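Numbering (the working numbering), first residue to last: 2 to 136.
All C-beta atoms in this analysis are idealised placements derived from N, C-alpha and C, irrespective of residue type, glycine included.
Computed from a predicted model, the values in this text were never measured in an experiment.
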């Protein structure tokens with residue numbers, strides 16, 4: 002390595018991972034919103050791409066999705082996995098990276114966890130404790 006070449010730090014690498022992950026998320030969201038995937042299940046469901054996490058070498062992407070309006074999560078996930086080749090190809094065309102990332106689709110459980118926490122906070126006993134602390 003030449004002396005005048007700047008060293009890459011973990012911070013710059015993580016910023017790059019976040020930037021590429023966001024770009025992949027936008028591309029997948031656009032494809033799913035427009036209905037570019039010719040699949041009956043995906044055409045009949047609204048799917049939100051909530052997060053994309055890239056591996057450090059940018060060869061693997063974990064895509065977190067959530068079907069909106071109470072869609073059948075297992076059915077949507079199966080349809081995404083069935084169409085992964087098409088989606089990977091579209092991402093490769095639109096995101097300029099050296100390799101086309103392998104896409105792994107998972108359900109985003111964070112909304113369910115947030116709902117559970119919200120329910121707990123609305124419990125009368127917890128609300129009473131919170132009111133006492135505020136005074």
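- With a minimum length of 4 residues, the unbroken runs of alpha helix (DSSP H) contained wholly in the region 74-117 fall at 74-83, 85-95.
- For residue 66, there is no enclosing alpha helix (DSSP H); the enclosing beta strand (DSSP E) covers residues 61-68.
- Going by C-alpha positions, residue 58 is about 28 Å away from residue 34.
- Cβ atoms of residue 60 and residue 87 stay farther apart than 8 Å, at about 19 Å.
- Here DSSP, grouped into helix, strand and coil, assigns residue 56 to coil.
- Counting of Cβ neighbours within 10 angstroms places residue 55 among the buried residues, the total reaching 16 or more.
- The three-state reading of DSSP puts residue 21 in helix, counting H, G and I together.
- Cβ contact annotation for residue 81 (same chain, cutoff 6 Å, sequence separation greater than five): 106, in chain order.
- Within its own chain, the residues whose Cβ lies closer than 6 Å to the Cβ of residue 85, once the five positions on either side in sequence are excluded, are 104, listed in chain order.
- Under the criterion of beta carbons closer than 8 Å, residue 110 and residue 28 do not qualify as touching, at roughly 23 Å.
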